[in-house]
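First comes the structure, then the notes that go with it.
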Amino acid sequence: MPRTRIKICGLTREEDVQAAVAAGADAVGFVFYEKSPRYVTPARAAELIALLPPYVTPVGLFVNHTAQQVADTVAVAPISLLQFHGDETAQQCAEAARAAGRAFVRVFRVKPDTSGAELLEYERLCRASSGLFSGLLLDTFVDAYGGAGKVFDWSLIPKDLAHRAVLSGGLSVQNVTGAVASVRPYAVDVSSGVERAKGIKDARLIAEFIRGVRAADATFEKDPHHENPG
Ligand SMILES: O=C(O)c1ccccc1NCC(=O)[C@H](O)[C@H](O)COP(=O)(O)O
Numbered sequence: 007m008p009r010t011r012i013k014i015c016g017l018t019r020e021e022d023v024q025a026a027v028a029a030g031a032d033a034v035g036f037v038f039y040e041k042s043p044r045y046v047t048p049a050r051a052a053e054l055i056a057l058l059p060p061y062v063t064p065v066g067l068f069v070n071h072t073a074q075q076v077a078d079t080v081a082v083a084p085i086s087l088l089q090f091h092g093d094e095t096a097q098q099c100a101e102a103a104r105a106a107g108r109a110f111v112r113v114f115r116v117k118p119d120t121s122g123a124e125l126l127e128y129e130r131l132c133r134a135s136s137g138l139f140s141g142l143l144l145d146t147f148v149d150a151y152g153g154a155g156k157v158f159d160w161s162l163i164p165k166d167l168a169h170r171a172v173l174s175g176g177l178s179v180q181n182v183t184g185a186v187a188s189v190r191p192y193a194v195d196v197s198s199g200v201e202r203a204k205g206i207k208d209a210r211l212i213a214e215f216i217r218g219v220r221a222a223d224a225t226f227e228k229d230p231h232h233e234n235p236g
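Residue numbers (our numbering): 7 to 236.
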């Protein structure tokens, strides 16, 4: 059973990048949405990305940016993967990814009435729209688009989608082991749950969060036939 990948999102400070790397994060996220309390300029993101060792993926978050804005950002900040977190259409995501020359993750913001069929169809459309589509991230629907620390009903995720999707929205030290054990996602993504204040991460919470994911991974290794109950 491969281990669950982990992304720590919304980094703004050197010490937080270092804490995420030291704790074993696979990816780190930089928010380029100006209305976010975690906003970083492309130049600031470039400084933080320069601290990363090889094989830790820098991800850039965009909300309703134009293709040109995404390309301009990537020209300054050497991010490896785009994350489209707004109301972009599949075509707009594909166009921005082409302009930037990067693969992208598309966010689906889940509502209480979202169906499993809707999620699968959305993923199919994203895949059909572009060879640069890398995967779906499932977050909770909030007006502010993301980073709100709110959980959605994980039982809405079809089992066959979960294993290739990124689970996000309100994950924390308290719930991440249970989340990974029940959903068995490809990866998890967290921001608020490892923060002391918005944009200010806590090294102890990051380390505990990652240990929480690994605790769930260890149970899969012991029980390879474990079935996702969802
Ligand atoms: O972090 C923000 O402020 C933000 C603003 C607008 C769009 C996305 C944003 N963040 C995305 C994330 O940090 C995560 O991918 C995701 O939403 C989980 O956040 P959280 O529930 O806080 O763990």
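Think of the CB as a built atom: it goes at the ideal place given N, C-alpha and C, for glycine as much as any other residue.
Inter-stretch contact at 8 Å, needing at least 3 Cβ pairs: the stretch 157-170 / the stretch 92-100: Contact between the stretch 157-170 and the stretch 92-100 is absent, because fewer than three Cβ pairs lie under 8 Å.
Alpha carbon of E129 to alpha carbon of L211, nearest angstrom: 32 Å
heavy atom of ligand 1 below 7 Å from K156 C-beta: Checking the Cβ of K156 against ligand 1 gives yes.
Limits of the unbroken beta strand (DSSP E) element including A102: Membership of A102 in any beta strand (DSSP E) is not indicated; the residue belongs instead to the alpha helix (DSSP H) covering A96 to A106.
Span separating the alpha-carbon of A52 from that of P84: 6 Å
Simplified DSSP state of D93, which is helix, strand or coil: coil
Residue burial classification, V113 (beta-carbon count within 10 angstroms, cutoff 16): Of the other Cβ atoms in all chains shown, 16 or more fall within 10 Å of the Cβ of V113; this residue is therefore buried.
C-beta atoms of A171 and L144 nearer than 8 Å: yes
Touch test, the stretch 215-226 against the stretch 176-190, Cβ-Cβ under 8 Å, three pairs minimum: Yes, the stretch 215-226 touches the stretch 176-190.
Sequence-distant residues of the same chain with beta carbon closer than 8 Å to R104, five excluded per side: Within the same chain, R104 has close Cβ partners A73, S136 and L138.
A168 versus V80 - alpha carbon distance: Computed Cα separation, rounded: 29 Å.
Within 8 Å, strictly: CB atoms of L131 and R108: no
Distance, R133 Cα to R202 Cα: 37 Å
Y192 beta carbon near ligand 1 (any heavy atom closer than 7 Å): Not one heavy atom of ligand 1 lies closer than 7 Å to the C-beta of Y192.
Residue(s) in a DSSP beta bridge with A203: I206
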